[in-house]
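Taking it in order: structure first as structure tokens, then the write-up.
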Amino acid sequence: MVKVKLWGTLRHWTDGQAEVEVEAATFKEVLDRLSELYPGLAPQIRRGVSMSLDGVIYREAWFQEIKPGQEVVLMPYMQGG
Amino acid sequence: MKSLHISTTINGDPVEFICDPDEPLLDVLRNRLHLTGAKEGCGTGDCGACSVTLNGRLVCSCLVLGAEAQRAEITTIEGMAEGDQLHPLQRAFIDGAAFQCGVCTPGILVAAKALLEKNPSPTDEEVRYWLAGNLCRCTGYDKIIAAVQVAAAEMRSA
Amino acid sequence: MRYMTAQSASAAAMALAEEPGKSRVLAGGTDLLVQMKAGNLTVDLVVDIKHIPGIRDIVPEAGGFRIGAAVANAELREHAGVCQQWPGVIEAAGLIGSTQVQGRSTIAGNLCNGSPAADSVPALVAADAVVRVAGPDGTHDVPVLDIPAGPGKTTLNKAQIVTSILLPARPARSGDAYLRFIPRTEMDIAVASAAVNLTLDATGTVTAARVALGAVAPKVVLVEAAAKAIIGTKLEDAALSALAQACEAACNPIDDKRGTIAFRTSTAGVLARRAAKIAYDRAQGSANAGASK
Amino acid sequence: MALDQAKREFRQVGTRPNRPDGVDKVTGRAQYGADMTAPGMLTGAILRSPHAHARIVSIDTSAAEAIAGVRAVVTGVDFTPQEDNFLRDVQENCMARDKALYDGHAVAAVAATSPAIAKAALKAIKVVYEVLPHVTDVDAAVKPGAPIVQAGRALENVPAGMSENVTNACEFGHGDLDAGFAKADLVIERSFKTAATHQGYIEPHACLASFTADGKADLWCCTQGQFFVRTLCSAIIGMEASQLRVTPSEIGGGFGGKTTVFIEPVALALSKKSGRPVKIVMTRDEVFKATGPTVSSSMDVRIGMTKDGRITAGEANLRYSGGAFPCGTCDMGAQAAFAAYDVEAVRTYGWNALTNRPKEAAYRAPGAPQAIYAVESVVDELCQKLGLDPLAVRLKNAAHKGTLSSYGPTFNEIGLEATLEAAKAHPHYTAPLGPNQGRGLSCGFWFNFGGNTCVSLNINTDGTVGVTEGNPDIGGSRASISLMAAEELGIPYENIRTIVADTNSLGYNDVTDGSRVTFSVGLATIKAARDAIAKMKARAARFWGIDEEAVDWVDGAAVPAGPNAGKFPPLTLAEIAATSPQTGGPIAGHYEVNVDGAGVSFGVHLVDVEVDPETGATKVLRYTVFQDAGKAVHPDYVEGQMQGGAVQGIGWALNEEYIYGADGRLQNPGFLDYRIPVASDLPNIETVILEIPNPGHPYGVRGVGETPIVPPLAAIANAVSRAAGVRLTELPMSPPRILKALKG
């Protein structure tokens with residue numbers, strides 16, 4: 424199980440939980456499980472989310488492996504100028 | 003609108019062109035003569051990217067009519083290097099990384115050359131005020147001022 | 094549009110008079126071309142006056158200088174005599190636009206463009222300069238104060254052109270100064286400006302003064318009350334405060350993207366005070382000429 | 097690809113060679129967007145709405161079409177409506193469909209045989225508008241009863257009951273705010289506003305489109321991302337990406353503003369319709385009215401601090417407006433607001449509201465400068481009121497490894513403390529100040545990112561190397577990339593030529609944004625060089641008849657290693673290249689990747705100003721920028737980013753602003769009254785580069801482009817507020833605003 428930290432906005436669709444647990448080994452699996460378990464998150468996930476893994480931000484790397492114990496944080500899709 | 007036939011001198015070369023009476027010299031240079039080194043950043047004399055000299059005076063070519071070039075002497079960035087020898091300012095700008103995007107650079111070089119011809123030993127403040135009409139959005143001007151001073155020093159010792 | 098180069102003032106006036114459409118005089122073109130580019134001015138005839146003999150000359154006259162209407166400000170600033178005699182006019186002329194604009198712009202053009210914020214106009218008014226106007230009916234001289242008529246407007250008719258501006262002779266112990274306020278250090282239009290021209294007696298008391306403000310009313314303002322406030326003084330603090338107050342009272346500015354009524358009013362007073370001190374120092378022959386550029 | 101722990105000594109990286117495009121750019125030879133021409137080219141021009149908000153009742157183009165020399169006219173109906181919201185917004189920003197949403201919104205376009213005819217044709221187009229009420233201020237836009245710019249655009253994250261103009265909402269943070277504020281000795285709450293500012297690149301947008309009868313098209317344009325231009329234009333025009341080749345010209349500045357399209361789809365549509373190449377060059381007026389400014393903002397910030405300078409809680413409400421289209425920049429601002437601080441309780445809320453202004457485009461660290469300005473202003477005021485040293489307070493609260501960041505993740509190695517220490521140690525921090533002078537300090541933060549990147553590296557038979565990359569060189573990146581290739585290959589910098597490719601010559605490259613190019617393209621270049629080296633080692637191994645594994649690459653040559661060490665003389669790159677036809681054919685390396693691991697970036701700015709108490713004029717006296725570059729590949733261009741960003745921030749703080757009249761029209765669409773800093777406004781901008789290697793890059797490189805625009809807003813505001821003795825809370829701090837504050 425991976426603990427996934429959610430930013431404040433997303434908690435509206437997780438019954439207020441700031442952190443949820445999903446069965447996933449990759450970034451893509453995290454996203455898929457979250458969309459299944461919390462359908463309210465799907466629109467944001469479709470628009471784009473990035474993931475921080477132990478403080479390193481992955482913009483859209485689906486196959487990025489998640490190892491047990493790693494800190495997983497969802498973030499809005501990064502943009503720059 | 004009746005076109006005008008103009009005879010002029012650009013970078014030492016005799017040049018003839020046809021232009022509309024209301025056509026700015028900048029448009030003539032760029033669109034009719036393919037001297038695209040002068041840039042249009044604003045078209046209203048506020049950015050200096052189109053700087054050239056007209057009878058030895060630094061001007062914005064967007065604020066000169068092509069018609070006024072009749073029998074005038076114009077120099078542009080294309081005339082700054084002598085053959086394959088870059089002007090000291092041009093070298094100093096490359097050496098000193100005095101530009102990032104480079105679109106304001108031709109205008110700044112033309113303006114800086116006019117300054118050094120008038121004042122071979124300007125203070126930094128004099129350089130800054132002289133170039134106040136040449137907008138640069140990339141560099142913060144720091145390296146531009148430094149490069150002008152490097153070239154000025156080289157030209158003084160030459 | 095037609096473009097013509099006039100070979101004489103009368104030929105220029107004639108052409109302007111005969112043009113049924115919209116006509117404009119071209120000297121430096123730094124305002125005209127901008128207006129044409131903006132598309133809010135469609136011109137049928139442009140008369141380039143730069144080829145009129147003598148119109149690019151500066152000549153001494155009656156102890157002062159006659160400045161041709163097509164003398165570029167860069168040229169004017171290189172004239173040692175004018176610089177020495179009228180430093181305030183020179184600093185005002187030198188503030189018009191960038192170095193590039195200086196290479197083309199003229200004080201006559203600055204005047205004829207009719208902008209309430211024109212830099213050289215308050216200095217010329219303070220100097221009591223006289224404008225020579227040529228028209229189909231000949232030439233006459235007009236005080237510079239009588240030329241502006243409001244934003245973008247002058248009292249000249251369509252066939253009249255300015256051919257020169259006379260900066261008069263001045264008594265000993267005289268000095269002038271011009272200051273403007275802009276948000277940056279260059280490249281802006283004056284938000285408020287002040288020119289002071291004064292003469293001292295041997296004791297350092299002001300015996301004559303002219304104070305003019307720019308950008309604080311539909312046209313340049315000659316503030317006689319401000320001059321009165323300093324005549325008979327040595328610019329003591331009280332006199333300077335009275336000067337500033339008189340200037341503020343003379344302001345009738347607008348709120349716009351460049352400044353507020355309150356800001357323009359208060360700044361006009363500040364600038365007048367500072368300009369008066371510079372002019373005073375100059376009149377005393379002091380080297381302390383803190384030009385704003 | 098992680099940092100090469102061994103790669104600590106550099107031979108070329110860190111030097112300052114001349115940029116390869118230098119001569120072209122000092123001789124006027126470099127070709128920018130407007131410098132392109134094509135035989136038979138038409139001039140395109142765009143008709144724009146004079147109204148801030150109006151329904152387009154009808155457009156009659158017949159009179160324009162009847163003018164001799166007019167070859168095509170297009171309006172909104174010539175573009176197929178897009179299903180996708182993002183694409184539809186881009187398209188409708190390029191050409192309005194039912195409503196004109198801001199002053200300057202495109203409503204029709206023409207292509208004609210001369211600029212004069214094009215201008216006449218625009219005048220001949222008759223548009224009937226039904227003028228609608230408008231709103232240009234973000235606070236007004238969220239009020240009940242405000243004119244609705246676009247209905248039905250709110251995302252699911254916007255709470256019910258808000259104005260329909262609110263399209264986006266977000267919340268970040270952690271901890272118990274009430275408990276945090278209860279621990280504070282002093283809590284300050286302030287409201288701030290910042291004006292929209294423009295990127296202000298000197299080169300207006302320009303493009304040349306050539307659409308042929310067989311459905312193929314070429315597009316030349318100045319852009320930060322030719323591949324993204326292809327994505328957008330092919331979707332909008334309804335053609336396959338393979339049929340559209342986009343070639344970037346030299347680019348005259350972008351700063352984020354050239355990451356999207358404005359005129360390119362219009363030029364393509366006109367070219368398609370006319371069968372001729374069509375060039376469109378924006379005027380400066382058009383650039384200001386219709387291309388991307390930043391968001392404007394209205395913000396409330398509350399921060400609690402103990403007497404000894406510990407921040408106990410922070411809260412920010414950020415109301416941004418990205419103009420007439422939905423905009424997610426508030427997400428970035430809300431994440432960045434408190435990123436520099438280690439705070440137990442922090443909460444940020446972001447909102448976006450529609451207004452009748454041009455669509456926001458990215459501008460260096462989009463969203464961060466505003467939020468951090470507000471936060472850093474309040475921190476500074478707390479320091480003032482509690483009598484604390486502002487730098488000591490920043491150090492005391494600085495985020496560091498292990499800090500739970502305000503946007504969620506726990507930080508790993510970050511360079512903020514080291515940057516603050518560098519500022520503390522610098523003589524600027526303790527230099528004396530005169531009367532009416534003040535010193536300001538601010539931290540800044542930006543995420544940086546990597547992104548999709550392809551590099552191709554060709555070994556020429558004469559021993560030189562061509563590098564092909566896909567990101568326009570906006571500030572010397574060809575030099576940096578050449579340096580990294582030279583470093584890796586072990587050959588002289590001069591033997592490498594790096595070019596920027598069109599969209600057919602490489603796979604997809606993300607836009608030049610997110611401070612990504614030196615980091616990502618550099619990484620891909622190093623990898624591509626290693627790919628080529630592996631191939632050259634294989635050739636050498638065959639030549640020597642030994643195993644590939646038994647060959648090393650040392651100083652630009654293959655050398656036998658292990659048991660064969662010293663057995664054969666080294667084979668240089670040039671020698672291997674010269675015989676490549678005989679040894680198996682051309683040698684090239686390439687690398688394709690979506691790079692992650694950019695690492696966040698911090699900067700600290702110090703500034704001294706003097707405020708004229710009688711006029712409110714501010715003079716910047718001294719300015720020093722401290723920033724971690726990871727590894728400065730070409731230090732000149734790193735310094736250039738730091739200096740340029742600082743100066744853009746100075747402009748933002750003091751004078752730059754979009755000014756709208758009561759009629760909803762932009763009052764200052766030109767460089768005369770949109771006042772970017774000029775040379776005489778500024779002191780030298782001193783730079784201090786720190787080099788704390790980024791573990792996500794083989795050479796430790798960290799992006800540097802965006803962070804420098806973040807701190808200046810607050811640094812200047814803090815300096816001005818201290819000099820003036822009164823807290824300024826609205827940008828720009830123009831002289832009338834400062835004078836008003838001074839007079840109470």
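Residue numbers (the working numbering), protein chains in the order written: chain A, 424 to 504; chain B, 3 to 160; chain C, 94 to 386; chain D, 97 to 840. Just so it is clear, CB atoms sit at the ideal spot from N, CA and C, and this is done for glycine as well.
Item, Value
"Within chain B, the residues that D:D131 reaches when beta carbons sit closer than 7 Å", "T38"
"Contacts of D:E346 in chain B (Cβ-Cβ under 8 Å)", "C103, G104, V105"
"Helix, strand or coil at D:N554 according to DSSP, with G and I counted as helix", "strand"
"Proximity to D:S154 [Cα-Cα], best of D:M137, D:M580, D:A162, D:G172", "D:G172"
"Proximal residues, the segment 595-618 of chain D versus chain A, C-beta separation under 8 Å", "D609, G610, S611, R612"
"Simplified DSSP assignment, three categories, for B:V17", "strand"
"Beta-carbon proximity of C:L328 to C:G362, cut-off 9 Å", "no"
"Cβ separation of D:V377 and D:A130, assumed to be a contact under 8 Å, to the nearest whole Å", "5 Å"
"Sub-9 Å separation of A:G463 and A:W436 beta-carbons", "yes"
"Buried or exposed (CB count within 10 angstroms, at least 16 for buried), D:P389", "buried"
"A:I480 to B:T38 span [Cα, whole Å]", "44 Å"
"Chain B residues whose Cβ lies nearer than 7 Å to that of D:V700", "None at all; the shortest Cβ gap to chain B is about 17 Å."
"Below-9 Å beta-carbon distance, D:D396 vs any chain A residue", "no"
"Residue-level contact to chain C via CB, B:S2, 9 Å cutoff", "Given that chain B is displayed from residue 3 to residue 160, the structure contains no residue 2 of chain B and the question cannot be resolved."
"Cross-strand partners of B:C52 (DSSP beta bridge)", "Answer by DSSP bridge pairing: none, since B:C52 is not bridged."
"Top-ranked residue by Cα proximity to D:E285, from D:E472, D:S367, D:A126, D:Y128", "D:E472"
"Buried or exposed (CB count within 10 angstroms, at least 16 for buried), C:H233", "exposed"
"Exposed unless 16 or more other CB atoms sit within 10 angstroms - verdict on A:F486", "exposed"
"Under 7 Å (Cβ pairs) to chain B, residues found in the segment 98-123 of chain C", "G122, T123"
"Spatially closest choice to C:R197 from C:P209, C:R170, C:R95, C:D239, by CA coordinates", "C:R170"
"D:R184 versus D:T506 - alpha carbon distance", "37 Å"
"Nearest neighbour of D:R718, chosen from D:H149, D:A527, D:A758 [CA to CA]", "D:A527"
"Residue nearest to C:D212 in terms of C-alpha spacing, selected from C:T199, C:Q377, C:R303", "C:T199"
"C-beta neighbour in chain B for D:F351, strict 9 Å", "yes"
"Proximity test, C:V127 beta-carbon vs the ligand GTP heavy atom, cut-off 8 Å", "This structure does not include the ligand GTP; it has no bound ligands of any sort."
"6 Å CB neighbourhood of B:V150 in its chain, flanking five on each side removed", "A114, V129"
"Nearest neighbour of C:I145, chosen from C:R351, C:A376, C:S257 [CA to CA]", "C:S257"
"Short Cβ contact (9 Å threshold) for D:A637 with D:A646", "yes"
"Host alpha helix (DSSP H) of C:S213 (start-end)", "213-219"
"Beta-carbon gap between B:A116 and D:I298 smaller than 9 Å", "no"
"Cβ distance (whole Å) where B:V54 is taken to contact B:I20 below 8 Å", "With 8 Å as the limit, B:V54 and B:I20 do not qualify as a contact, their Cβ atoms being about 19 Å apart."
"Beta carbon of D:A684 nearer than 9 Å to that of D:A597", "no"
"First and last residue of the uninterrupted alpha helix (DSSP H) at C:D374", "354-376"
"One or two residues paired with D:Q723 in a DSSP bridge", "D:G699, D:I785"
"Neighbourhood of C:T247 by C-beta, 8 Å cutoff - its chain only, sequence neighbours within 5 removed", "L204, C205, G207, I240, P241"
"D:A436 vs D:L366 beta-carbon contact at 9 Å", "no"
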